[in-house]
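**Student:** Below is one structure. I have some questions about it.
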Amino acid sequence: MAPDRIPGDFGRKLREARERRGISLRQIAAATKISMSVLEALERSDISRLPGGIFSRAFVRSYAIEVGLDPEATIQEFIAQFPHDAVTAGHPPSEHVEDHEAVESDRRMASTFLRLIAISVPVAAVVLYFGNAGRRMMQTSQTPPAANTPEPAKPSPRFFEDPLPAPSSIPAAETLPSAAAGPPSTAAPPVASASPPRPAAPIEDKLTVGLSVKSPCWVSATVDGQKKIDRLLQAGERQSIDVRREMVLTAGDAGAIALTLNGADAKPLGKAGEIVTRRLNLANYKDYLQRR
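The opening position of the sequence shown corresponds to residue 317 in this note's numbering, with each subsequent residue numbered one higher.
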């Protein structure tokens with residue numbers, strides 16, 4: 317019967333391999349950009365200090381490569397000794413990870429609100445437009461026509477006594493004055509045309525995350541449920557990722573990453589050497605922007 321695995325066996329194996337090579341933890345930290353606290357936790361088999369899941373396995377792989385161990389075999393041994401911690405988050409920093417259910421609830425509320433805006437704004441614009449058009453029609457129908465034709469001559473007492481003169485015999489001096497020569501008419505003032513409805517503000521349907529790397533750093537990014545990044549990014553690398561629902565971003569060195577959110581500069585993710593996780597979506601991304 318095989319002896320039970322001792323929890324410290326895995327970390328001790330890593331430490332002994334490093335010591336055989338004569339490499340210090342500080343050298344490994346400089347080469348892998350993994351913080352000293354995480355490397356020390358690995359050598360103590362203190363998995364609770366690791367972020368967990370794929371990110372922890374990536375740390376194990378990098379450490380194994382630096383000390384000359386087979387990375388795949390080392391990862392398999394890590395999974396065998398810590399099956400739960402190797403596939404689930406071990407200890408994400410509570411101050412940097414938002415409650416998933418609360419985030420989902422906020423996201424659903426924000427999505428419903430955006431849909432209501434998308435429906436109500438066009439309807440309001442149509443109602444406003446046709447309401448103004450109806451008022452213009454009513455005002456036009458109630459406005460009396462301009463008096464631009466001569467008023468009919470008032471009948472004189474002798475109208476029926478004498479025969480009507482031929483049109484050519486009517487003296488020009490007796491021609492009735494036109495309405496323009498009479499008193500000013502009281503025609504209604506022209507109705508001011510209603511201004512067209514203002515176009516609705518554009519509704520954001522995606523979040524564009526710009527990622528700039530200032531120094532080598534492990535980055536894991538899951539976008540809308542799909543893994544987009546899970547590797548060591550080098551200084552100078554840039555990534556632009558469109559997010560429809562949510563991005564879960566984990567950085568092994570918060571000080572090595574700079575973000576832009578829909579073109580605006582974001583606040584720093586955290587301190588140098590700090591492991592952080594952020595959940596970014598359309599409902600909350602403005603909370604992460606720098607204050608102007």
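Here a beta-carbon is modelled for each residue, glycine too, at the ideal position from N, C-alpha and C. All figures in this text were calculated on a predicted structure; none of them were measured in a lab.
#1: Which residues in the same chain have their Cβ closer than 6 Å to the Cβ of ARG561, if we skip the five residues on either side of it in sequence?
#2: Grab me the residues of ARG594's own chain with a C-beta within less than 6 Å of its C-beta, minus the 5 sequence neighbours each way, in chain order.
#3: Return the CA-CA distance between ARG336 and GLN343, expressed in angstroms with no decimal places.
#4: Provide the residue(s) that pair with LEU549 in DSSP beta bridges, ordered along the chain.
#5: If you draw a straight line from the alpha carbon of VAL535 to that of GLN606, how long is it in whole angstroms?
#6: Assign ALA302 to one of three DSSP states: helix, strand, or coil.
#7: As a quick exercise: from SER340, LEU341, LEU358, pick the residue whose alpha carbon is nearest that of PHE326.
#8: Indicate the three-state DSSP secondary structure (helix, strand or coil) for ALA435 in the structure shown.
#9: Kindly confirm or deny that the segment 583 to 599 and the segment 349 to 365 touch, where touching means at least three C-beta pairs closer than 8 Å.
#10: LEU585 and LEU575 look like a contact to me (Cβ under 8 Å); what is the Cβ gap, rounded to whole Å?
#11: Using the three-state DSSP reduction, which class does GLY542 fall into: helix, strand or coil?
#12: Using DSSP with H/G/I as helix, E/B as strand and the rest coil, what is ILE339?
#13: Tell me the DSSP secondary structure of GLN555 in three-state form.
#14: Quick one: residues in its chain with C-beta nearer than 6 Å to the C-beta of SER556, no 5 flanking neighbours on either side, listed in chain order?
#15: Alpha carbon to alpha carbon, how far is ARG373 from PHE394? Give it in angstroms, no decimals.
#16: Once you ignore the five residues that flank LEU385 on each side, which residues in its own chain have a CB closer than 7 Å to its CB?
#17: Could you give the distance in angstroms between the alpha-carbon of TYR379 and the alpha-carbon of TYR601?
#18: For the putative contact between LYS530 and ALA572, defined by C-beta atoms under 8 Å, what is the C-beta separation to the nearest angstrom?
#19: Can you list, in chain order, the residues of its chain whose CB lies under 7 Å from that of ILE391, leaving out five sequence neighbours each side?
#20: Is it true that the CB of PHE398 sits closer than 8 Å to the CB of ILE370?
#21: Using three-state DSSP, classify SER528 as helix, strand or coil.
#22: Buried or exposed, going by whether 16 or more other CB atoms sit within 10 Å of the CB of GLU382?
#23: Using three-state DSSP, classify LEU565 as helix, strand or coil.
#24: When the Cα atoms are used, what is the spatial distance from SER361 to GLY368?
#25: Can you look up ARG594 in the DSSP assignment and give me helix, strand or coil?
#26: Drop a sphere of 10 angstroms on the beta-carbon of ALA396, count the other beta-carbons inside from all chains shown, and report buried for 16 or more, exposed for fewer.
#27: Compare the C-alpha of LEU549 against each of ALA567, LEU341, MET563, LEU523 and name the closest.
**Tutor:** A quick look at the data gives this:
#1: The residue given as residue 561 occupies position 245 in the sequence shown. Excluding positions up to five away in sequence, the list reads ASP540.
#2: What you label residue 594 is simply residue 278 of the sequence shown in a count that begins at 1. Taken in chain order, the residues that qualify are LEU565.
#3: Taking the sequence shown and counting its residues from 1, the one referred to as residue 336 is at position 20. Taking the sequence shown and counting its residues from 1, the one referred to as residue 343 is at position 27. Their backbone Cα atoms lie some 14 Å apart in a straight line.
#4: Against the sequence shown, residue 549 aligns to sequence position 233. CYS533.
#5: Within the sequence shown, residue 535 is the residue found at index 219, counting from 1. Within the sequence shown, residue 606 is the residue found at index 290, counting from 1. The alpha-carbon atoms of VAL535 and GLN606 are separated by roughly 22 Å.
#6: The chain is shown from 317 up to 608; residue 302 falls before or after that span and cannot be answered.
#7: Walking along the sequence shown from the start, residue 326 turns up at place 10. The residue with the shortest Cα to Cα distance from PHE326 is LEU358.
#8: For the purposes of this step, residue 435 is taken as residue 119 along the sequence shown, with counting starting at 1. Residue 435 is actually Ile in this sequence, not Ala. If DSSP states are grouped into helix, strand and coil, ILE435 belongs with the helices.
#9: yes
#10: Here residue 585 corresponds to residue number 269 of the sequence shown, with the count starting at 1. Here residue 575 corresponds to residue number 259 of the sequence shown, with the count starting at 1. Their Cβ separation, rounded to whole angstroms, is 7 Å, which keeps LEU585 and LEU575 in contact under 8 Å.
#11: As a first step, residue 542 is located in the sequence shown; it is residue number 226 there, counting from the start. Per the sequence shown, residue 542 should be read as Gln rather than Gly. GLN542: strand per DSSP, three-state reduction.
#12: Counted from its first residue, the sequence shown places residue 339 at position 23. ILE339 falls in the coil class under three-state DSSP.
#13: Counting from 1 along the sequence shown, the entry for residue 555 is found at position 239. Note: GLN555 maps to strand in three-state DSSP.
#14: Reading the sequence shown from its first residue, position 240 is the one you call residue 556. Result list for SER556: GLY526, in chain order.
#15: Here residue 394 refers to the residue found at position 78 when the sequence shown is read from its first residue. Here residue 373 refers to the residue found at position 57 when the sequence shown is read from its first residue. Approximately 8 Å, taken between the alpha carbons.
#16: Here residue 385 corresponds to residue number 69 of the sequence shown, with the count starting at 1. Same-chain partners within the cutoff: ALA333.
#17: Walking along the sequence shown from the start, residue 379 turns up at place 63. Walking along the sequence shown from the start, residue 601 turns up at place 285. Answer to the nearest angstrom: the Cα atoms are 34 Å apart.
#18: Within the sequence shown, the letter at position 214 stands for residue 530. Within the sequence shown, the letter at position 256 stands for residue 572. About 5 Å; that satisfies the 8 Å criterion.
#19: In the sequence shown, counting from the first residue as 1, residue 391 sits at position 75. Here the set comprises ARG373, VAL376, ARG377.
#20: Along the sequence shown, one-based indexing puts residue 370 at 54. Along the sequence shown, one-based indexing puts residue 398 at 82. The answer is no: Cβ separation not under 8 Å.
#21: Taking the first residue of the sequence shown as 1, we reach residue 528 at position 212. Residue state, collapsed to three classes: strand.
#22: As a working mapping, residue 382 is identified with position 66 in the sequence shown. It is buried - the Cβ of GLU382 has at least 16 other Cβ atoms within 10 Å.
#23: For this step, residue 565 is matched to residue 249 along the sequence shown. Correct three-state label for LEU565: strand.
#24: Reading the sequence shown from its first residue, position 45 is the one you call residue 361. Reading the sequence shown from its first residue, position 52 is the one you call residue 368. SER361 and GLY368: Cα-Cα distance of roughly 13 Å.
#25: Working through the sequence shown from its first residue, we reach residue 594 at position 278. Strand, per DSSP.
#26: Here residue 396 refers to the residue found at position 80 when the sequence shown is read from its first residue. With fewer than 16 other Cβ atoms within 10 Å, it is exposed.
#27: Residue mapping note: residue 549 aligns to position 233 of the sequence shown, counting from 1. When only C-alpha atoms are compared, the closest one is ALA567.
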